[in-house]
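J.: Chains as they are written, first to last, in the numbering used here: chain E, 1 to 334; chain P, 1 to 323.
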Amino acid sequence: MSIAVDRAHALMLFRQMLRIRRFEEKTVELYSLGKIRGFLHLYIGEEAVAVGALQALTQEDAIVATYREHGQALVRGTPAGSLMAELYGKATGCAKGRGGSMHFFDAARRFYGGLAIVGGGLPVAVGLALADKLQGRPRVTACFFGDGAVAEGEFHESLNLAALWKLPVLFLCENNLYAMGTALARHQAQTDIALKARASGLPAQAVDGMDVLAVEEATQQAAASVRQGNGPYLLEFRTYRFRAHSMYDPELYRTKEEVEQWKERDPITAFEGRLREWKCLTSDDLATMEATIAAEIDEAVAFAEAGSWEPVENLTKDVYTPPRAAGERHEARG
Amino acid sequence: MKLTYREAVRAGLREALQSDPRVFLMGEDVGRYGGTYACSHGLLQEFGPERIRDTPLSESVFVGAGIGAALGGMRPIVEVMTVNFSLLALDQIVNNAATIRHMSGGQFSVPLVVRMATGGGRQVAAQHSHSLEGWYAHIPGIKVLTPATVTDARGMLLAALREPDPVFIFEHAYLYPMEGELEEEAGPVDISKATVRRPGRDVSLITFGGSLWKSLEAANRLAAEGIEAEVVDLRMLRPLDAPTVLASVKKTHRAVIVDEAWRTGSFAAEVSARIMEGGFYDLDGPVARVCSAEVPIPYPKHLEDAALPSVEGIVRAVRGLLK
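See below:
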């Protein structure tokens, strides 16, 4: 094996990407059946980013993600059944079905959404990092956002404040080239996102977001810098979504050829090729892995199907914290 | 003890910072400048730059960072200089602060306190004279407080910090230099009830914030004419203490709502609707409203005075109702 990563680790990275892919393919079926409704933003094509980047985080670190966050939640360890139930809108979902696809939350794993207004998660991530700094906790907050968010004032405000106060934020930009249907060059005079970050005083670099090992390596280095107290770091992952912005759109804004070209760089098939080349993966291994993942997803669907609906009497529950829960919550925090 | 409203806010801030290490204050010019209304004067020297944090003019990120810090176990007090600038942070307030608890299925609470100055009357023209607290009261998931007295200015801040959910405190800018008597032993005050500031039998003047003092003065003038007005201070707009309002209307049978916001879609409209729903048969006449004229607040004093609710306007509305 001519690589710096060990076989088990490489296979784990591959399996995680494949899990996300198969999970989301299942959600497409379920959407067609009407089991999942609302917006469903798929991560297909971008799996290497979540899988690679999350390797640099510990369970103590926090994640703030966007409406395209199925991959991050799966890799973080939220059970697939809990996520699938959330997509169904069941009370057994990771947010009691209140949020759906765009609003996964998992307090036990410090997963703070699923915040679905473009750019809106960055200030929250800055605040989480501020809380860590003020309490002297050696933690990192990883904040995912897309190239569209770069156009928002909140992007610039957040980078500046995090850099000004040297806060431990990892800004992870998933540049899939389109803000919904508007290409980066059509909405930004300066398309170099890392350069924008450097202008705000952050170290930053662009990374091949289709290469899981490159993503992992860059994120490990950036996270190490953040953990050393150097303040925030921005990584721009150049990636591509293979499917529509949400479930369906006519994709008038890009050519089929462009999509096909990017599919040739599919992070999963590309990494599979390398694993086979390195003799890390046989066809039998792959079949076994596929079967295990299929079983996990079947189980997730069964869990979602069996889940209960939140009683309508609970409609306004949790708009405010009940007085008794308030004390418990504070005990549980920190 | 006599002190100004601004000193009362400062006393509340000091007490909060002294008693809870999780509390910190951030906002524009809260540190070296001492606060644009001097509410935090001296706090930087006393508590240091880690806890009294000057921010850039970036309302969205410093309000959002308040949300994040609250999620991370702190008790942030965010000062947005004025309600006018809070519009730059609406995404964080409406889309994040107000929703995260419910949207996460109750997993996360946001114990954030945001203070801001509100209101007109100081000849600072159309972009610095808004009264938008009624807008905020529209939003479930947050609480909206409108302290009108020095006791509430201090005590509501302390009470807000005990809340597990986001609380927005609107301090009428006209009140900062107002002197008042701070009640002894005044700690956190109740933030669930409206209160009757002046009992009366003939008409209920229902109001809050800066308009309380105009309403009390109007009540004094009316008393000279033999009209006894009861003045109800709502104190909080969300949750709204409707029972206290309805009890007053049941007693006086007439209601005039005084609200410095524009009439159309105002909080006064909400109070009026609550009276219709819960007190219609107690009324001897239509509910009246004294609100601001439907115009961006103008700069010259005579035009601004004409735009905002006035003591004379309140007196006139009451006379009209009792005719």
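Every residue gets a Cβ at the ideal spot worked out from N, C-alpha and C, and that includes glycine. Fair warning: this is a prediction, and the values are worked out from it, not measured in the lab.
(1) Would you kindly check if the distance between the Cβ of methionine 210 of chain E and the Cβ of threonine 255 of chain E is under 8 angstroms?
(2) Are the CB atoms of leucine 17 of chain P and arginine 51 of chain P within a distance shorter than 8 angstroms?
(3) Going along chain E, which residues have a C-beta under 8 angstroms from proline 56 of chain P?
(4) How big is the Cα-Cα spacing for lysine 26 of chain E and valine 301 of chain E?
(5) Quick one: list the residues of chain P neighbouring arginine 126 of chain E, beta-carbon separation under 8 angstroms, in chain order.
(6) Thinking C-alpha only, which one of E/Ala179, E/Ala163, E/Lys96 and E/Thr141 is nearest arginine 241 of chain E?
(7) Is the Cβ of histidine 138 of chain P closer than 8 angstroms to any Cβ of chain E?
(8) Using only alpha-carbon positions, find the residue among E/Arg276, E/Val312, E/Tyr31 and E/Val51 that is nearest to glutamate 174 of chain E.
(9) Give me the Cα-Cα distance between isoleucine 275 of chain P and glycine 89 of chain E, rounded to the nearest whole angstrom.
(10) Give a yes or no on whether the minimum CB-CB distance between aspartate 233 of chain P and chain E is below 8 angstroms.
(11) Along the region 186-215 of chain E, where does the CB come closer than 7 angstroms to a CB of chain P? Name the residues.
(12) By DSSP, does leucine 202 of chain E sit in helix, in strand, or in coil?
(13) With distances taken between CB atoms, is the gap from alanine 117 of chain P to tyrosine 37 of chain P smaller than 8 angstroms?
(14) Hey, could you find the ends of the alpha helix (DSSP H) tryptophan 262 of chain E is sitting in?
(15) Anything in chain P within Cβ reach of alanine 95 of chain E, meaning under 8 angstroms, just list it in chain order.
(16) Compare the C-alpha of threonine 82 of chain P against each of P/Gln107, P/Arg115 and P/Ser109 and name the closest.
(17) Would you call the region 193-208 of chain P and the region 228-235 of chain P in contact, with 3 or more CB pairs under 8 angstroms?
(18) Just to make sure I have the definition right: I need the residues of chain P whose C-beta is within less than 9 angstroms of the C-beta of glutamate 313 of chain E. Which are they?
(19) Does valine 295 of chain P pass the burial test, meaning 16 or more other C-beta atoms within 10 Å, or should it be called exposed?
(20) Measuring CA to CA, which of E/Gly181, E/Ile297, E/Ile193 and E/Val212 is closest to aspartate 249 of chain E?
(21) Would you call tryptophan 165 of chain E buried or exposed, if buried means 16 or more other Cβ atoms sit within 10 Å of its Cβ?
(22) Quick one: which residues of the region 213-233 of chain E get their C-beta closer than 7 angstroms to a C-beta of chain P? List them in chain order.
(23) Is the beta carbon of alanine 197 of chain E closer than 8 angstroms to that of leucine 234 of chain E?
(24) Give the DSSP-derived three-state secondary structure of arginine 10 of chain P in the structure shown.
(25) Does any C-beta atom of chain E lie closer than 8 angstroms to the C-beta of phenylalanine 85 of chain P?
(26) Could you give the distance in angstroms between the alpha-carbon of isoleucine 67 of chain P and the alpha-carbon of glycine 141 of chain P?
(27) In three-state DSSP terms, what is tryptophan 213 of chain P?
(28) Just the C-alpha distance for valine 271 of chain P and leucine 13 of chain P, rounded to the nearest angstrom, thanks.
(29) Do the region 280-288 of chain P and the region 240-259 of chain P make contact, defined as three or more Cβ pairs closer than 8 angstroms?
(30) At what residues does the alpha helix (DSSP H) containing leucine 246 of chain P begin and finish?
(31) Kindly say whether histidine 41 of chain E, judged by its beta-carbon, lies nearer than 8 angstroms to any beta-carbon of chain P.
(32) Taking 8 angstroms as the CB-CB cut-off, is proline 123 of chain E touching chain P?
(33) What would DSSP say about isoleucine 206 of chain P, mapped onto helix, strand or coil?
(34) Can you grab the Cα-Cα spacing for the pair serine 266 of chain P / alanine 69 of chain P, in whole Å?
(35) Going by DSSP, name the residue or residues bridged to tryptophan 262 of chain P.
(36) Whose C-alpha, out of P/Ile227, P/Thr149 and P/Pro199, is nearest the C-alpha of arginine 189 of chain P?
T.: In this structure, then:
(1) Translated into the one-based positions of the first sequence, residue 255 of chain E becomes position 255. Translated into the one-based positions of the first sequence, residue 210 of chain E becomes position 210. Contact flag unset, no.
(2) As a working note, residue 51 of chain P is residue 51 in the second sequence. As a working note, residue 17 of chain P is residue 17 in the second sequence. Yes. Within cutoff.
(3) Here residue 56 of chain P corresponds to residue number 56 of the second sequence, with the count starting at 1. Under the 8 angstroms cutoff, chain E gives Glu157, Asn160, Leu161 and Leu164.
(4) As a working mapping, residue 26 of chain E is identified with position 26 in the first sequence. As a working mapping, residue 301 of chain E is identified with position 301 in the first sequence. One C-alpha to the other measures close to 9 angstroms.
(5) In the first sequence, the residue the question calls residue 126 of chain E occupies position 126. With the sequence shown as reference, residue 126 of chain E is identified as valine, and arginine is not the correct amino acid for it. Near valine 126 of chain E (Cβ distances below 8 angstroms), the residues of chain P are Val61, Gly64, Ala65 and Gly68.
(6) Position 241 of the first sequence holds residue 241 of chain E. The candidate whose alpha carbon is nearest that of arginine 241 of chain E is E/Ala179.
(7) Locating residue 138 of chain P in the second sequence gives position 138, counting from the first residue. For histidine 138 of chain P, the answer is no, since every Cβ of chain E falls outside 8 angstroms of its Cβ.
(8) Indexing the first sequence from 1 puts residue 174 of chain E at position 174. Checking every option, the nearest Cα to that of glutamate 174 of chain E belongs to E/Val51.
(9) Residue numbering aside, residue 275 of chain P sits at position 275 when the second sequence is read from its first letter. Residue numbering aside, residue 89 of chain E sits at position 89 when the first sequence is read from its first letter. Straight-line Cα distance between these residues: approximately 38 angstroms.
(10) Here the question's residue 233 of chain P lines up with position 233 in the second sequence. No, aspartate 233 of chain P lies away from the interface with chain E (no Cβ there is under 8 angstroms from its Cβ).
(11) From the region 186-215 of chain E, no residue has a Cβ closer than 7 angstroms to chain P.
(12) Here residue 202 of chain E corresponds to residue number 202 of the first sequence, with the count starting at 1. If DSSP states are grouped into helix, strand and coil, leucine 202 of chain E belongs with coil.
(13) The residue labelled residue 117 of chain P in the question sits at position 117 within the second sequence. The residue labelled residue 37 of chain P in the question sits at position 37 within the second sequence. The answer is yes: Cβ separation under 8 angstroms.
(14) Along the first sequence, read from residue 1 onward, the residue named residue 262 of chain E stands at position 262. 256-263 is the span of the alpha helix (DSSP H), which, as asked, contains tryptophan 262 of chain E.
(15) In the first sequence, the residue the question calls residue 95 of chain E occupies position 95. Near alanine 95 of chain E (Cβ distances below 8 angstroms), the residues of chain P are Met103, Ser104, Gly105 and Gln107.
(16) Position 82 of the second sequence, counted from the start, is the residue given in the question as residue 82 of chain P. The shortest Cα separation from threonine 82 of chain P among P/Gln107, P/Arg115 and P/Ser109 belongs to P/Arg115.
(17) yes
(18) As a first step, residue 313 of chain E is located in the first sequence; it is residue number 313 there, counting from the start. Residues of chain P passing the Cβ test: none, with the nearest at roughly 15 angstroms.
(19) Stepping through the second sequence from its first residue, residue 295 of chain P is reached at position 295. Valine 295 of chain P should be labelled exposed.
(20) Here residue 249 of chain E corresponds to residue number 249 of the first sequence, with the count starting at 1. Nearest C-alpha to aspartate 249 of chain E: E/Gly181.
(21) For the purposes of this step, residue 165 of chain E is identified with residue 165 of the first sequence, where counting begins at 1. With 16 or more other Cβ atoms within 10 Å, it is buried.
(22) none
(23) For this step, residue 234 of chain E is matched to residue 234 along the first sequence. For this step, residue 197 of chain E is matched to residue 197 along the first sequence. For leucine 234 of chain E and alanine 197 of chain E, yes; Cβs fall inside 8 angstroms.
(24) Working through the second sequence from its first residue, we reach residue 10 of chain P at position 10. Residue state, collapsed to three classes: helix.
(25) Here residue 85 of chain P refers to the residue found at position 85 of the second sequence. It does not; no Cβ of chain E falls within 8 angstroms.
(26) Position 67 of the second sequence, counted from the first residue, corresponds to residue 67 of chain P. Position 141 of the second sequence, counted from the first residue, corresponds to residue 141 of chain P. Rounded to the nearest angstrom, the two C-alpha atoms are 13 angstroms apart.
(27) Translated into the one-based positions of the second sequence, residue 213 of chain P becomes position 213. DSSP places tryptophan 213 of chain P in helix when its eight states are reduced to three.
(28) As a first step, residue 271 of chain P must be located in the second sequence, where it is residue number 271. As a first step, residue 13 of chain P must be located in the second sequence, where it is residue number 13. For valine 271 of chain P and leucine 13 of chain P, the distance between alpha carbons rounds to 31 angstroms.
(29) yes
(30) As a working note, residue 246 of chain P is residue 246 in the second sequence. Looking at the DSSP string, the run of the alpha helix (DSSP H) that includes leucine 246 of chain P is 242-252.
(31) As a first step, residue 41 of chain E must be located in the first sequence, where it is residue number 41. No, its Cβ sits nowhere closer than 8 angstroms to a Cβ of chain P.
(32) As a first step, residue 123 of chain E is located in the first sequence; it is residue number 123 there, counting from the start. Yes - at least one Cβ of chain P is within 8 angstroms of the one on proline 123 of chain E.
(33) On the second sequence, residue 206 of chain P is found 206 positions in, with the first residue counted as 1. In the three-state DSSP reduction, isoleucine 206 of chain P falls in the strand class (E or B).
(34) Position 266 of the second sequence, counting from 1, holds the residue named residue 266 of chain P. Position 69 of the second sequence, counting from 1, holds the residue named residue 69 of chain P. Distance between the alpha carbons of serine 266 of chain P and alanine 69 of chain P: 32 angstroms.
(35) By 1-based counting over the second sequence, the position of residue 262 of chain P is 262. Looking at the DSSP assignment, tryptophan 262 of chain P forms a beta bridge with P/Ser292.
(36) Position 189 of the second sequence, counting from 1, holds the residue named residue 189 of chain P. Checking the sequence, you will find valine at residue 189 of chain P rather than arginine. Considering only alpha carbons, the answer is P/Thr149.
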